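**Student:**
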């Protein structure tokens, strides 16, 4: 019998699962579309049908020691998902207890950025760290914060919303209903918005002038920047500078050993990391200068599923 | 024998000490001027001479179970005080080991705001809380942050510098050498600076127009505000609004149950607390709205010494 944790990552588009052993090896994976079922029970029935099929097909006999779940708006304390903007199930979904009805093992849920931070701690580059931040740069900006060797959940389980720190008064409209939140500037969506702001401001040529807003992706902007497109380059500098400024403020609260940048946008590489590091270092209070590492994630593949499974292996 | 902890609060002007029993009762206190001795050993000799005299004069026999110290720029991990701007001893002072040479009991040091937070947890209004903030409003702005039931020291022991979050780009000059730090706006000194900014901007009468900058105190401003002086009232609204805005961002990082405002400036009462609460509530991300209490400290007397002693009683 091979002991594995079942890691489940619930994204706005797909739900990906995988069986992860104690060393962080991913034995089997599968996925289903997240949005197919309006009813949470239909969704879980389909998910567990796929999970069971993978177990049956496995060459080794699997012993599932627990289930870890990363999901938007998930609360670690209550085991619920609450009014996630990108999911179809509204209200307060008792996700953990619904999962336990299907497989009675230890089940933990937390938001996707906290799961990423736990993955970094258990399987990644933060194994020897007790105080660090993970910033996930996707459609939005998530954050997972480790302090004193554990995730900072806060009083209500919803700590770590760095993406919703207000960084520009009366700034860009945010999906949360407020204005000027960090994620409206620093995220894949933020990058797109900044391209259009800069195209409006400048007169110079840019290959991005031929692409309509709805077709543009952050990946295209990164590629254009690496080809030397001035607007694309300035977009990344602008994005990274705002991130560096805000991280200097977050350091003044939490004093981490390292800050990990995680997610699709980090594939941009140096054009993102360098100005983040430079701005951070320049803006830091003297006592923190030269102490904070800015690093890419130490997990290469299946990071989201590994992070979810790490919620279980962290307890073993 | 009565078990007591010796609490020591090292301020820029005076060093105050007290013997605190397990229930938080302060049995005896004393103080010496902090700046009299250039040599740290001369300072400690005088301090312990006074401590011993108090012990001898005590009616009850005292058993000192430990020494807790609150001091600017103190590091909990290393037991040192490092380049505190308001103290005469420069460089890295191994304070804990110097104290242990004089009295070999458990000795802990942390910065004054962390000590205030520990006092709130052990003896004050946060006894049943595991996640809360203490904001100390004095000459500067300090912060002590409790998460998962313990002080957030961070990787290097210097977490909780909320006073040095940059809140206005290219804003007011700060003693730290940077610009726009929160404490240049929200502190006794910040209040004075804001009075002068508003006197420059407006033309209306104000009793504060007769007071030179160097004679003005935050207490005078609070008193003028409570007498109805418009500039003084607007100063407190301005100060409290900035604090409320920044606290909304700190909540997005740490998600506390309550925020305690502590220190001289809080004597201003409602003219400070009300606009802080209103701005915070207005600026919070929806998931935090209606959840965060803004409260005065639950400790009435000898708060700094009680906080320092709480570093010991917290471990018993």
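Chains as they are written, first to last, in the working numbering: chain S, 1 to 316; chain B, 1001 to 1316.
Cβ coordinates follow ideal geometry from the N, Cα and C atoms, glycine included.
Keep in mind it's a predicted model, so treat the numbers as computed, not measured.
In chain order, which continuous runs of the beta strand (DSSP E) of length 3 or greater are located wholly inside the region 1243–1285 of chain B?
**Tutor:** 1258–1262
**Student:** With a CB to CB cut of under 6 Å and the five nearest residues on each side skipped, what residues in its chain are close to residue 190(S)?
**Tutor:** 184
**Student:** Does any C-beta atom of chain B lie closer than 8 Å to the C-beta of residue 283(S)?
**Tutor:** yes
**Student:** Name, please, each residue of chain S whose Cβ falls closer than 9 Å to the Cβ of residue 1179(B).
**Tutor:** Residues of chain S passing the Cβ test: none, with the nearest at roughly 10 Å.
**Student:** Please name the residue or residues paired with residue 1062(B) in a DSSP beta bridge.
**Tutor:** 1002(B)
**Student:** Contact between the region 207–226 of chain S and the region 166–175 of chain S is defined here as three or more beta-carbon pairs at a separation below 8 Å; is this criterion met?
**Tutor:** no
**Student:** Quick one: is residue 115(S) near chain B, going by C-beta distance under 8 Å?
**Tutor:** no
**Student:** If you measure beta-carbon to beta-carbon, which residues of the region 141–167 of chain S are closer than 9 Å to chain B?
**Tutor:** 143, 145, 147, 148, 150, 151, 152, 153, 154, 155, 156, 157, 158, 159, 160, 161, 162, 163, 164, 165, 166 and 167
**Student:** Quick one: grab the DSSP three-state call for residue 1014(B).
**Tutor:** Strand, per DSSP.
**Student:** Starting from residue 279(S), find everything on chain B with Cβ-Cβ shorter than 9 Å and list it in chain order.
**Tutor:** The premise fails here: residue 279(S) is roughly 11 Å from chain B at the closest Cβ pair, so nothing lies under 9 Å.
**Student:** Measuring straight from C-alpha to C-alpha, what distance separates residue 1086(B) and residue 1071(B)?
**Tutor:** 10 Å
**Student:** Quick check on the DSSP output: the beta strand (DSSP E) that includes residue 82(S) runs from which residue to which?
**Tutor:** 80–82
**Student:** Which residues in the same chain have their Cβ closer than 7 Å to the Cβ of residue 1252(B), if we skip the five residues on either side of it in sequence?
**Tutor:** 1285
**Student:** Give the interface partners of residue 248(S) over in chain B, defined as CB-CB distance under 8 Å, in chain order.
**Tutor:** The answer, in chain order, is 1166.
**Student:** Quick check on residue 1291(B) - is its C-beta less than 8 Å from some C-beta in chain S?
**Tutor:** At least one beta carbon of chain S lies nearer than 8 Å to the beta carbon of residue 1291(B).
**Student:** Say whether chain B places a C-beta atom closer than 8 Å to the C-beta of residue 276(S).
**Tutor:** no
**Student:** Are the beta-carbon atoms belonging to residue 1124(B) and residue 1018(B) less than 8 Å from one another?
**Tutor:** no
**Student:** If you reduce the DSSP assignment to three classes, tell me which class residue 1092(B) lands in.
**Tutor:** DSSP places residue 1092(B) in strand when its eight states are reduced to three.
**Student:** Can you check which of these residues, 1104(B), 1064(B), 1262(B) and 1181(B), is closest to residue 1118(B) by C-alpha distance?
**Tutor:** Sorting 1104(B), 1064(B), 1262(B) and 1181(B) by C-alpha distance to the C-alpha of residue 1118(B) places 1262(B) at the top.
**Student:** In chain order, what residues of the region 34–58 of chain S put their CB closer than 8 Å to some CB of chain B?
**Tutor:** none
**Student:** Report the option in 1097(B), 1198(B) and 1280(B) whose CA atom is closest to the CA atom of residue 1041(B).
**Tutor:** 1097(B)
**Student:** Candidates 64(S), 196(S) and 226(S): which alpha carbon is nearest residue 268(S)'s?
**Tutor:** 226(S)
**Student:** Output, in sequence order along the chain, the residues in the region 250–261 of chain S whose CB is closer than 7 Å to any CB in chain B.
**Tutor:** 250, 252, 253, 254, 255, 256 and 257
**Student:** With the cut-off set at 8 Å, would you say residue 1259(B) and residue 1167(B) are in Cβ contact?
**Tutor:** Between residue 1259(B) and residue 1167(B), the CB-CB gap reaches or exceeds 8 Å.
**Student:** Could you work out which residue in 1113(B), 1100(B), 1022(B) and 1108(B) is closest to residue 1011(B) when comparing CA atoms only?
**Tutor:** Closest option to residue 1011(B), Cα to Cα, is 1113(B).
**Student:** Around the Cβ of residue 1203(B), are there at least 16 other Cβ atoms within 10 angstroms (buried) or fewer (exposed)?
**Tutor:** exposed
**Student:** Consider the Cβ of residue 1286(B): report whether some Cβ of chain S lies at a distance smaller than 8 Å.
**Tutor:** yes
**Student:** Can you tell me whether residue 34(S) is buried or exposed? The criterion is at least 16 other CB atoms within 10 Å of its CB, across all chains shown.
**Tutor:** buried
**Student:** Looking at C-alpha atoms only, which residue of 249(S), 303(S), 264(S) and 301(S) is the closest neighbour of residue 317(S)?
**Tutor:** Lying before the first or after the last residue shown, residue 317(S) is absent from chain S, which here runs from 1 to 316.
**Student:** Could you name each continuous alpha helix (DSSP H) segment of 4 residues or more that falls completely within the region 175–237 of chain S, going from the start of the chain to the end?
**Tutor:** 188–201 and 218–226
**Student:** Could you check whether residue 1254(B) and residue 1137(B) sit closer than 8 Å to each other, using their CB atoms as the reference points?
**Tutor:** no
**Student:** Starting from residue 131(S), find everything on chain B with Cβ-Cβ shorter than 9 Å and list it in chain order.
**Tutor:** 1152, 1153, 1154, 1155, 1156 and 1159
**Student:** Using the rule of at least 16 other Cβ atoms within 10 Å of the residue's Cβ for burial, across every protein chain shown, is residue 1152(B) buried or exposed?
**Tutor:** buried
**Student:** Quick one: give me the first and last residue of the alpha helix (DSSP H) that residue 1165(B) is part of.
**Tutor:** Segment: none, residue 1165(B) is in no alpha helix (DSSP H) and carries neither H nor E.
**Student:** By alpha-carbon positions, which one of 122(S), 283(S) and 246(S) ends up nearest to residue 311(S)?
**Tutor:** 122(S)
**Student:** Give the interface partners of residue 1176(B) over in chain S, defined as CB-CB distance under 7 Å, in chain order.
**Tutor:** 285 and 286
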